Amino acid sequence: MADPKPGFEVRLANFTGPFDLLLGLIAKHKLDITEVALASVTDEFIKYIRKLQDMGGEWALDEASEFLVIAATLLDLKAARLLPAGEVEDDEDIALLEARDLLFARLLQYKAFKQVAGLLGETLHQEGRRFPRQVGLEAHFAAMLPELVWKHTPEQFAALAEAALRPKAPRPVQVGTSHLHGSPVSVKEQAGLLGLRLQQESPQTFRALVADADSTLVVVARFLALLELFRDKAVSFDQLSPLADLAVHWTGGLGDWSAENLSEEYEEQP
Amino acid sequence: MNGQLPESTLPGRNVHDLPGGAKAALEAVLMVLDQPATEDELAAGLELPVDAIRAILAELEREYNGYTVNAPDKEEVSTAGFGSSPRGFELRNIAGGWRIYSRAEFADIVGKYVLDGQTARLTQAALETLAVIAYRQPVSRARVSAIRGVNVDSVVRTLAQRGLIEDAGTDPESGAILYRTTSYFLERMGIGSVADLPQLSPHLPGLEGIAEFYDADRM
Amino acid sequence: MNGQLPESTLPGRNVHDLPGGAKAALEAVLMVLDQPATEDELAAGLELPVDAIRAILAELEREYNGYTVNAPDKEEVSTAGFGSSPRGFELRNIAGGWRIYSRAEFADIVGKYVLDGQTARLTQAALETLAVIAYRQPVSRARVSAIRGVNVDSVVRTLAQRGLIEDAGTDPESGAILYRTTSYFLERMGIGSVADLPQLSPHLPGLEGIAEFYDADRM
């Protein structure tokens, strides 16, 4: 509220998940969701990820991976958008359209919940101004309570304490994103594959690089892999005009590059 | 049950003989409640028909809120306004029961005395998770995660610790733990049941207004 | 202390602008007070002179006990007697502290209501909470909630009511009330002191470890 026009960094500092971020991006760029300029968003992502990494800390890695998931989703949207109306021919096109519809539905749903969450918060705050009368029982009533039946030995009592004090669930070490993935697809594996292909032939369009992807998930993973490769300066991108195909150039040298060099953050979920 | 009995056979008839009658007796019981009491519970405790209890509760509620009828002599009786002016407390029917609360207008003053009542505001993440659980209950963490797009394990734990949600058994298919809101949640919301929550559907339009809504609640 | 200040300089003068004025504000406080409050404490919180507080307390006390002045129109306003009849609660000054209690005349009815459904056994939730307090005392409710994963407010109230635990001051950092077990607890356990409780496994998290183990991601 203090800053009516928060910058990208400020906005990200209090986002509450990828959908929240996506809503924010759409709002920020005043764009229809189908017209999100992927390049500008990607630039911002990369800038932000770098910043997070400079700051260090595990949480930064978690957030970065979530942003990348959204970046990939945007890619899906854009790809679906590029399909000329009425020319849905193969399964890939249909899958992209389905992915877009699914994301739309989920985004709308999230937006609705975000709004009612705001209402809930306001109500809870207002209601919090009323304090219930909740006083200790007057002594003469407390004295009327039936005498407690107590059958626990100190040992039984200790066993109860043991059970109660044992931590219930292990602390999650990172924000899981497994719920966002249908089945594990390794970004590192895809990066290795893309690396090989690009070393053989460069530049290639993104469309070509994902042409053989058998699921949306693989498309997402390859997109994530490209961002990762870009960060490691193994690839560069160019796009001749808005909405034109994205060309990927290999800049990582020949032979001396391997996917093992990638940071560990995109390793497969256990 | 007592509500079915003809009034003349009630053993508790003598409540009317006490000073202030049934109304004062009900007030006396309201003084020792530590959670909302249903009309049935109050009727059983006072040995009065539920209808009678309901009528007295309505009267007390109105009385505490202040009558609009003028008591002609009120100025003589009290210097601070009496009879028709609202009391410092109110009787409310929430979460299925009746209970006495301090009036919201005095929150700043009362808050100085109530150490424990100070509950920290929920974060945006916690509110969103609470909203999804409230509208989709009973619901598993996985489903909440899918709707919010993030892992909600720690937020769910916090909401449970705060008593706003609880375990509602396991999903017969997946075996996942299901969660639902508690009656304490209803109490904190000041509503009778989850059916009283605002409708979700009006919040499901297209994305046209997204910029407006998004910037409005950014802090 | 505030009682010494001239009224015109008081910052809280606007309490008179609230509905029901200073009387309703004082009522609001009294209605939720668990412990009796002294006139000085009430004066400080309401930012009113002690004299003014004393006058309002006397008026409320009289009002709750029922006026002897006749309200001419009372029969029209209410069927159960209103205005001049005693309320079901009373304001009492015991050992210098003021608190609202249920009226003594209704002790039988209230007692019956309180005892209804009471059992001589502690619930599993109460036992577990007591165990956590016994081994980790002095401890706040928030900590016990974090350990048990559920809200323990009402259970802690029951344990205190049963005389098994008691207030042990406030946490200097959070200001939260801390609880410890009582000598009655030791008596029921048949041990001489808390040190006589059987040792727990050394691997369980202690108080210091609680944050890390249970609510590391507290929001």
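Residue numbers (our numbering), protein chains in the order written: chain A, -3 to 266; chain B, 1376 to 1594; chain C, 1376 to 1594.
Just so it is clear, CB atoms sit at the ideal spot from N, CA and C, and this is done for glycine as well.
Because the structure is a prediction, the values reported are computed rather than measured.
Sequence-distant residues of the same chain with beta carbon closer than 8 angstroms to residue i, five excluded per side
i: A/Arg293; result: Here chain A has residues from -3 to 266 only, and residue 293 of chain A is not among them.
i: C/Ala1403; result: none
Cutoff 6 angstroms; reference residue i; Cβ partners in own chain excluding five residues on either side
i: C/Asp1546; result: Ser1515 and Leu1553
i: A/Phe137; result: none
i: B/Ile1428; result: Glu1414, Leu1417 and Ala1418
i: B/Val1485; result: Ser1477
i: B/Leu1405; result: Ile1475
i: C/Val1531; result: Arg1516
i: C/Pro1513; result: Ala1543, Leu1553 and Arg1555
i: B/Gly1472; result: Pro1411, Ala1412 and Thr1413
Rounded distance between the beta-carbons of residue j and residue i, thought under 8 angstroms
i: C/Pro1424; j: C/Ala1418; result: 6 angstroms
i: B/Thr1556; j: B/Val1569; result: 6 angstroms
Any C-beta of chain B under 8 angstroms from that of residue i
i: C/Asp1622; result: Since the displayed chain C opens at 1376 and closes at 1594, residue 1622 of chain C lies outside it and no answer follows.
i: C/Pro1513; result: no
i: C/Tyr1554; result: no
i: A/Phe15; result: yes
i: A/Leu116; result: yes
i: A/Ala159; result: no
i: C/Asp1528; result: yes
i: C/Ser1549; result: no
is_contact[residue i, chain A] using C-beta, thresh 8 angstroms
i: B/Glu1422; result: no
i: B/Ile1431; result: no
i: B/Ala1535; result: no
i: B/His1391; result: no
i: C/Leu1579; result: yes
i: C/Gln1493; result: yes
i: C/Ala1501; result: no
i: C/Ser1477; result: yes
i: C/Gly1395; result: no
Any chain C beta carbon closer than 8 angstroms to residue i
i: B/Asp1409; result: yes
i: B/Arg1516; result: no
i: B/Gly1538; result: yes
i: B/Ile1469; result: no
i: B/Met1564; result: no
i: B/Gly1463; result: yes
According to DSSP, residues forming a beta bridge with residue i
i: A/Leu242; result: A/Gln235
i: C/Gly1472; result: C/Ile1469
i: B/Thr1545; result: B/Ile1552
i: C/Glu1560; result: In the sequence on display, residue 1560 of chain C carries Phe and not Glu. C/Phe1560 is not bridged to any residue.
i: B/Ile1522; result: Answer is none; B/Ile1522 lacks a bridge partner.
i: C/Ile1428; result: For C/Ile1428, which the question treats as bridged, DSSP gives no partner whatsoever.
i: B/Gln1512; result: B/Gln1512 pairs with nothing; no bridge assigned.
i: A/Gln200; result: A/Val244
i: A/Pro128; result: B/Tyr1476
i: C/Phe1464; result: C/Ser1477
i: C/Ile1540; result: C/Thr1556
i: B/Ala1412; result: B/Trp1473
Inter-residue Cα distance where the pair is residue i and residue j
i: A/Val112; j: B/Glu1465; result: 27 angstroms
i: C/Gly1567; j: C/Ser1520; result: 28 angstroms
i: C/Ile1431; j: A/Gln152; result: 54 angstroms
i: A/Gly132; j: C/Leu1401; result: 20 angstroms
i: B/Ala1506; j: C/Ile1469; result: 46 angstroms
i: C/Ala1500; j: B/Glu1548; result: 28 angstroms
i: A/Thr212; j: A/Gly248; result: 27 angstroms
i: C/Asn1440; j: B/Glu1438; result: 16 angstroms
i: A/Ala160; j: A/Pro142; result: 27 angstroms
i: C/Gly1565; j: C/Tyr1559; result: 10 angstroms
i: A/Leu104; j: B/Leu1497; result: 23 angstroms
i: A/Ser198; j: A/Ser232; result: 10 angstroms
i: C/Leu1534; j: C/Ile1540; result: 6 angstroms
i: A/Arg125; j: C/Asp1528; result: 19 angstroms
i: B/Gly1420; j: A/Gln130; result: 19 angstroms
i: B/Arg1467; j: C/Ile1522; result: 33 angstroms
i: B/Ala1397; j: B/Val1390; result: 6 angstroms
i: C/Leu1575; j: A/Thr149; result: 14 angstroms
i: A/Gln195; j: B/Asn1526; result: 37 angstroms
i: B/Lys1487; j: C/Ala1399; result: 16 angstroms
i: B/Asp1409; j: C/Gln1536; result: 12 angstroms
heavy atom of the ligand ATP below 7 angstroms from residue i C-beta
i: B/Ile1552; result: The ligand ATP is absent from the structure shown, which contains no ligands of any kind.
Neighbourhood of residue i by C-beta, 7 angstroms cutoff - its chain only, sequence neighbours within 5 removed
i: A/Lys107; result: Leu19
i: B/Gly1524; result: none
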